[in-house]
Amino acid sequence: SLLTGLIFGLFSGVICSYFLCVRMRPGKEILIGMKRGQFYVVYQPVVDAQKLEMQGIEALMRWEHPTAGMIPPDAFIAFAEAQQLIVPLTRHLFALVARDAQELQTVLPPGAKLGINLAPSHLHAPTFKDDIIAFAASLPPHHFKIVFEITERDMLKEKEAMSLFSWLHAQGFEIAIDDFGTGHSALIYLERFTLDYLKIDQGFVNTIGMETVTAPVLDAVLTLARRLNMTTVAEGVETREQAKWLIERGVNFLQGYYFSRPLTLTQLLSWSQSQNSH
Ligand code: C2E
Ligand code: CA
Ligand code: CA
Ligand code: CA
Numbered sequence: 244s245l246l247t248g249l250i251f252g253l254f255s256g257v258i259c260s261y262f263l264c265v266r267m268r269p270g271k272e273i274l275i276g277m278k279r280g281q282f283y284v285v286y287q288p289v290v291d292a293q294k295l296e297m298q299g300i301e302a303l304m305r306w307e308h309p310t311a312g313m314i315p316p317d318a319f320i321a322f323a324e325a326q327q328l329i330v331p332l333t334r335h336l337f338a339l340v341a342r343d344a345q346e347l348q349t350v351l352p353p354g355a356k357l358g359i360n361l362a363p364s365h366l367h368a369p370t371f372k373d374d375i376i377a378f379a380a381s382l383p384p385h386h387f388k389i390v391f392e393i394t395e396r397d398m399l400k401e402k403e404a405m406s407l408f409s410w411l412h413a414q415g416f417e418i419a420i421d422d423f424g425t426g427h428s429a430l431i432y433l434e435r436f437t438l439d440y441l442k443i444d445q446g447f448v449n450t451i452g453m454e455t456v457t458a459p460v461l462d463a464v465l466t467l468a469r470r471l472n473m474t475t476v477a478e479g480v481e482t483r484e485q486a487k488w489l490i491e492r493g494v495n496f497l498q499g500y501y502f503s504r505p506l507t508l509t510q511l512l513s514w515s516q517s518q519n520s521h
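Residue numbers for the sequence shown follow full-length UniProt numbering, so the first one is 244 and each next one is one higher.
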């Protein structure tokens, strides 16, 4: 009857929209967002601890959603991973960075580091190596040293990691272990691989001056890094005291709001100008 039809129609409508909301929307929204230019990249300066000059930048993605507003990357990266969209999303980031590269080049010296975060599922993707090579080819030649950042908790199985890391090195890229101190991977893991940078998580950094336990742990981490020939980067440096403390202990590079927040290309260009005029 008409009534049953109506009820059924209504009911299936509810189911459909339920699925749209819960199952399809995040993925679909990401695809739409890429098409409509809702994603953009910000760059956070990484500062040399001795010269206190910008030696590189880390690219961080942003999503300005028309109705939901600013969606944090921790959320949409996880969405993208769950929806098998991390490869297109990372390619999108690559394209955006490539578009900025010519201008980035004007504020960064030759050999400057360009940090790019990689999601674990991308490392396993069949297109991974091609994606990376295409990205490197899209940048001005010989200017940037690309540093791929991989989080400690996302480290791969040993054999896979070994061959992937040596491939990246053979291509001239560098590798950073990100968020060090938050995962539970054994320190022994570090010893097995040749990794270039150790990024000390901001969770460590923001307890400086507050907890007595931080200093010995950080000292141990720095000793280890030195012994393994890794360059250290402290993340989330927010105060002068933290910066001073870290510099005294021999951390190589500093990154955090104390120096600069992540900036759009335009903001970075003027930030760099204001630094140079000091
Ligand atoms: P991350 O790689 O550890 O990036 C550092 C995060 O710390 C950034 O958050 C940055 O804005 C924030 N930060 C920097 N300095 C300070 C500080 O002094 N104080 C505090 N409280 N925070 C600071 P953001 O941009 O929200 O990114 C969060 C995470 O999302 C990143 O952590 C990274 O794991 C992931 N992410 C961001 N962009 C991308 C991307 O393009 N690809 C992938 N795969 N992951 C990304
Ligand atoms: Ca990072
Ligand atoms: Ca980090
Ligand atoms: Ca993080």
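Quick reminder that beta carbons are idealized off the backbone N, C-alpha and C, glycines included.
DSSP links Ala486 through a beta bridge to no other residue.
A Cβ-Cβ distance of about 16 Å is found for the pair Ile393 and Leu332, leaving them out of contact under the 8 Å criterion.
Per the Cβ contact rule, the segment 499–518 is not in contact with the segment 461–473 (fewer than 3 Cβ pairs under 8 Å). If you keep only unbroken beta strand (DSSP E) runs of at least 3 residues inside the segment 288–370, you get 297–308, 312–314, 356–360.
The Cβ atoms of Ala311 and Leu357 lie no closer than 8 Å to each other.
Relative to the Cα of Arg504, the nearest Cα in the group Leu328, Val289, Pro309 belongs to Val289.
If you draw a 10 Å sphere on the C-beta of Ala477, you find 16 or more other C-beta atoms in it, and that means buried. Glu392: not part of any alpha helix (DSSP H); member of the beta strand (DSSP E) spanning 388–394, first to last residue. Between the C-alpha atoms of Ile275 and Leu461 there is a straight-line separation of about 43 Å.
For Val285, the pairing in a beta bridge is given by DSSP as Leu303. If you check the C-beta of Ile320 against ligand 1, you find a heavy atom less than 7 Å away.
Inclusion of Ile451 and Gly424 in the CB contact set at 8 Å is not warranted, their separation being larger than that value. Residue side-chain check: Glu417 keeps its Cβ at 7 Å or more from all non-hydrogen atoms of ligand 2.
C-alpha of Leu295 to C-alpha of Glu346: approximately 22 Å in a straight line.
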